[in-house]
Amino acid sequence: MSIEEQIKYTLDKIRPFIQRDGGDVEFVSFEDGIVYVNMKGACEGCMMVDDTLGSGIKIILQEEVPGVLDVRLASEKIHTIEDELKEIDRLLKEENKSE
100 MSIEEQIKYT LDKIRPFIQR DGGDVEFVSF EDGIVYVNMK GACEGCMMVD
150 DTLGSGIKII LQEEVPGVLD VRLASEKIHT IEDELKEIDR LLKEENKSE
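Counting in the working numbering, the sequence shown runs from 100 upward without gaps.
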């Protein structure tokens, strides 16, 4: 079983506990040891989402799936990419000014 399959399998085991509170978790991707997920339903925008990710989902995935280092919201990945693109744009502008 691949790491992604193990992650999905483990999330499927966790899902009923999250659904009991009206929420859900959706696997998005696994990159460089980081599992990216979307939280849905009551979990979306909930103030306890960091606790659910860090004290729940992350710990269980780390115990069940070798290679999992962290669990983050997929929206954090989008912000990281946007920040990298802004930095590239800034560097290109600086380079063009110096020419």
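Where a beta carbon is used, it is the ideal one built from N, C-alpha and C, also for glycine. Nothing here was measured: the structure is a model prediction, and the numbers come from that model.
Under DSSP, Val-164 forms no beta bridge with any residue.
Contact check for Gly-121 against Gly-140 passes: the beta carbons are separated by less than 8 Å.
Thr-109 is not a Cβ neighbour of Ile-158, given a cutoff of 8 Å.
DSSP lists no beta-bridge partner residue for Val-148. By a beta-carbon distance limit of 8 Å, Val-127 does not contact Met-138. Their separation comes to about 11 Å. Taken through DSSP and simplified to helix, strand or coil, Arg-114 comes out as helix. Thr-151 and Lys-192 have their alpha carbons spaced roughly 41 Å apart. In this structure Glu-104 is not in contact with Phe-129, their Cβ atoms being roughly 10 Å apart against a cut-off of 8 Å.
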